[in-house]
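Undergrad: The structure under discussion is supplied below as structure tokens; questions concerning it will follow.
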Amino acid sequence: MRRVKPDLIFYRVVRFITVTVLSQLWFRMTFEGRENIPRSGAYVVAPVHRSNVDTLIVGGLTTRRLRYMGKDSLWETRFFGALFSSLGAFPVHRGSADREALRRCIEVLQGGEPLVIFPEGTRQSGPVIQPLFEGAAYVAAKAGVPIVPVGIGGSEAAMPKGAKMIRPVKVHVVVGRPLQPPGGEGRAPRAAVHQMTEDLSAELQRLFDRARTRTGSA
386 MRRVKPDLIF YRVVRFITVT VLSQLWFRMT FEGRENIPRS GAYVVAPVHR SNVDTLIVGG
446 LTTRRLRYMG KDSLWETRFF GALFSSLGAF PVHRGSADRE ALRRCIEVLQ GGEPLVIFPE
506 GTRQSGPVIQ PLFEGAAYVA AKAGVPIVPV GIGGSEAAMP KGAKMIRPVK VHVVVGRPLQ
566 PPGGEGRAPR AAVHQMTEDL SAELQRLFDR ARTRTGSA
């Protein structure tokens, strides 16, 4: 019998508690399109980003551990460093060149793990998808893995910028079909990465609109 690592057990316990509280007791959170999530292998999860709770919401998409980037200062304390690592985060040096962060992301994907990248970068506001950074498409192309676009409706109302508390509102998540990377693993032609980013932007807007409609916010 395959032995499960302690950090994965801890992640699954925390995920179960978090998702149960969010979906059943607080947000009335619902999901659509979960069948579009690959059952195995690495992939990039690319959600819209309107709230600090988006990371917790995305964790409900799959029972597999999702990986995230985090600023290296979070690992300054051994306890919290171990905690964040067990929850799927990995450190990236703040102020370092973008290439280091991209390299770490590619390493995670080449290791067979799913990775979350918010392609809009920081949290945004409003119903329109903002211009995307090309990092998600680049690392997907370099690692030869698909991008799974995710629209999240209601999270901005749940915890907008500046809010201290999470509000109990309806949240609906829509998962789109995976976008396949151009070419083979290790290839990331600039034109192809740009086109994939454009395709991702259009799909995210469609999914975001649908998710917002299901929450009654459109």
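For the sequence shown, this note's numbering gives the first residue as 386, with consecutive numbering after it. All C-beta atoms, glycine included, are put in the ideal place defined by N, C-alpha and C.
Name the one or two DSSP bridge partners that T507 has.
TA: DSSP lists no partner for T507.
Undergrad: Apart from the five residues just before and just after T403, which ones in its own chain have a Cβ nearer than 7 Å to its Cβ?
TA: L441, G444
Undergrad: Please identify the residue among P432, N421, H557, S470 whose C-alpha is closest to the C-alpha of A587.
TA: Comparing Cα-Cα distances from A587 to each of P432, N421, H557, S470, the minimum goes to P432.
Undergrad: Just to confirm before moving on: does the CB-CB distance between T582 and A522 stay below 8 Å?
TA: yes
Undergrad: Cα separation between G497 and A526?
TA: Cα to Cα, the separation comes out at about 14 Å.
Undergrad: Decide if G520 is buried, meaning its Cβ has at least 16 other Cβ atoms within 10 Å, or exposed.
TA: Burial is judged here by how many other beta carbons sit within 10 angstroms of a residue's own beta carbon; G520 has at least 16 and is buried.
Undergrad: First and last residue of the beta strand (DSSP E) that includes T415?
TA: In the DSSP annotation of this structure, the continuous segment of the beta strand (DSSP E) that includes T415 starts and ends at 415 to 417.
Undergrad: Between which two residues does the beta strand (DSSP E) holding I532 run?
TA: Bounds of the beta strand (DSSP E) holding I532 are 532 to 538.
Undergrad: Classify K555 as helix, strand or coil using the three-state DSSP reduction.
TA: Per DSSP, reduced to three states, the secondary structure at K555 is coil, with no helix or strand assignment.
Undergrad: If L354 and V535 are in contact, beta carbons under 8 Å, what's the gap, nearest whole angstrom?
TA: It is not possible to answer for residue 354, since the shown part of the chain is limited to 386 through 603.
Undergrad: Per DSSP, which one or two residues make a beta bridge with M454?
TA: The partner list for M454 (beta bridge, DSSP) reads F475.
Undergrad: If you reduce the DSSP assignment to three classes, tell me which class P545 lands in.
TA: It is coil, neither helix nor strand.
Undergrad: Quick one: residues in its chain with C-beta nearer than 6 Å to the C-beta of A474, no 5 flanking neighbours on either side, listed in chain order?
TA: So the list reads Y453, G455, once near-sequence residues are dropped.
Undergrad: Kindly list the residues whose CB is nearer than 8 Å to the CB of M550, restricted to its own chain and excluding five residues on each side of it in sequence; keep chain order.
TA: M544
Undergrad: Do you know how far the Cα of L487 is from the Cα of G529?
TA: 14 Å
Undergrad: Starting from V493 and walking both ways along the alpha helix (DSSP H), at which residues does that stretch end?
TA: 483 to 495
Undergrad: Check whether the region 407 to 414 and the region 566 to 577 are in contact - that is, three or more C-beta pairs closer than 8 Å.
TA: no
Undergrad: Under a three-way DSSP split, which group does R387 fall into?
TA: With a pLDDT of 49 at R387, under the threshold of 50, the modelled position of this residue cannot be trusted, and the question is left open.
Undergrad: Give the DSSP-derived three-state secondary structure of A427 in the structure shown.
TA: coil
Undergrad: Report back the beta-carbon spacing between Q509 and R435 to the nearest angstrom; my notes put them in contact at under 8 Å.
TA: Their Cβ separation, rounded to whole angstroms, is 6 Å, which keeps Q509 and R435 in contact under 8 Å.
Undergrad: Where V399 and K555 are concerned, what is the direct C-alpha to C-alpha distance, given to the nearest angstrom?
TA: 22 Å
Undergrad: In whole angstroms, what separates the C-alpha of T462 from that of L393?
TA: Answer to the nearest angstrom: the Cα atoms are 21 Å apart.
Undergrad: Express the C-alpha separation of V406 and R562 in angstroms, rounding to a whole number.
TA: 27 Å
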